[in-house]
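Note sheet for the following structure.
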Amino acid sequence: MTRVKICGITNLEDALVAARAGADFLGFVFYNQSPRFVPPGRAAEIVSALRAELGPRCPRLVGVFVDAPVEEVRAVLDTVGLDLAQLHGSEPPAEVRALQPRAFKAIRPQSRGEAEANLALYYDVVPQDEAVPQFLMDAYHPWQFGGTGIMADLAVAMLIARRVRLLLAGGLTPETVGEVIRRVRPWGVDVSSGVERAKGVKDHARVRAFVKAVRRADGMLLEADS
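Counted the way our numbering counts, the sequence shown spans residues 1142 to 1367.
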């Protein structure tokens, strides 16, 4: 089953809709230059209410960080009540290792060669837990860290997905995610702008449609492989 991460959560209503639609992971962005930035105090309120409402059915909760100090990442994870950190900047391997077993690495390769170099650099310091992604691949943008709506290079994604537990992000929508899953077969998919009605505000119908499209694609692959 392809895992689903709904990222850029900024309010409780959107979080509950995504969780009840079947999301496996919810992402909260702590990069203050993002239009989807949520202050840690506000995120803690959302997380507390979410866990109280859903109990053991709560998805895994992920904090998205860009070049934040290790101590800051740890503090936010603990005070907000998050499960994992997604390191979306240029964090060196030593920092990724220091945050284990609670961190995975996002990469934005511009080529197959750069993707191979990223995997070689970080492979030994990403999670071993098979319930957690090792890498997230996003589309490259020179100054934006995710949420661009730009499609990632699927040919490169196919190569990475064969070797690691890959969350694939970048330009996915309810209309495109099924075909992308069929081609790439990633461990999971990540969406933010593709299910929004405004930056930081989810379109609930599109959130549900996205999850349904993923499950439909899973069903078709299962039939094809049987």
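All C-beta atoms in this analysis are idealised placements derived from N, C-alpha and C, irrespective of residue type, glycine included.
query: Buried or exposed (CB count within 10 angstroms, at least 16 for buried), Gly1319; result: buried
query: Distance cut-off 7 angstroms: Ala1358 Cβ against heavy atoms of the ligand NAD; result: The ligand NAD is not part of the structure shown, which contains no ligands of any sort.
query: Helix, strand or coil at Asp1265 according to DSSP, with G and I counted as helix; result: helix
query: Touching by the beta-carbon criterion (3+ pairs, under 8 angstroms), the segment 1230-1241 and the segment 1260-1274; result: yes
query: Exposure of Gln1174, with buried meaning 16 or more beta-carbon neighbours within 10 Å; result: exposed
query: DSSP-derived helix/strand/coil call for Gly1335; result: helix
query: Short Cβ contact (8 angstroms threshold) for Asp1224 with Arg1201; result: yes
query: Whether Val1203 touches Gly1168 by CB criterion (8 angstroms); result: yes
query: Simplified DSSP state of Gly1149, which is helix, strand or coil; result: coil
query: Chain-order list of residues whose beta-carbon lies under 6 angstroms from that of Asp1359 (same chain, five-residue window excluded); result: Met1142, Thr1143
query: For Leu1167, the first and last residue of its enclosing beta strand (DSSP E); result: 1166-1170
query: Pairwise C-alpha distance: Lys1340 and Asn1152; result: 12 angstroms
query: Nearest-angstrom beta carbon gap, Ala1298 and Leu1308 [assumed within contact, 8 angstroms]; result: Going by Cβ atoms, the distance from Leu1308 to Ala1298 rounds to 10 angstroms, so no, they are not a contact pair.
query: Cβ contact (3+ pairs, closer than 8 angstroms) linking the segment 1159-1168 and the segment 1346-1366; result: yes
query: Contact check, Ala1280 vs Gly1230, beta carbons under 8 angstroms; result: no
query: Whole-angstrom distance between Pro1234 and Ala1157, CA atom to CA atom; result: In the sequence as presented, Ala is not what sits at residue 1157; that position holds Leu. Their Cα atoms are separated by approximately 34 angstroms.
query: Coarse secondary structure for Gly1360, derived from DSSP in three states; result: helix
query: Whole-Å CB distance - Leu1387 paired with Ala1247, under 8 angstroms assumed; result: A question about residue 1387 goes unanswered here, because the residues of the chain that appear run from 1142 up to 1367.
query: Best match in Arg1324, Ala1226, Ala1216, Ser1189 for proximity to Val1170 [C-alpha to C-alpha]; result: Ala1226
query: Cβ pair Pro1274, Trp1328 closer than 8 angstroms; result: yes
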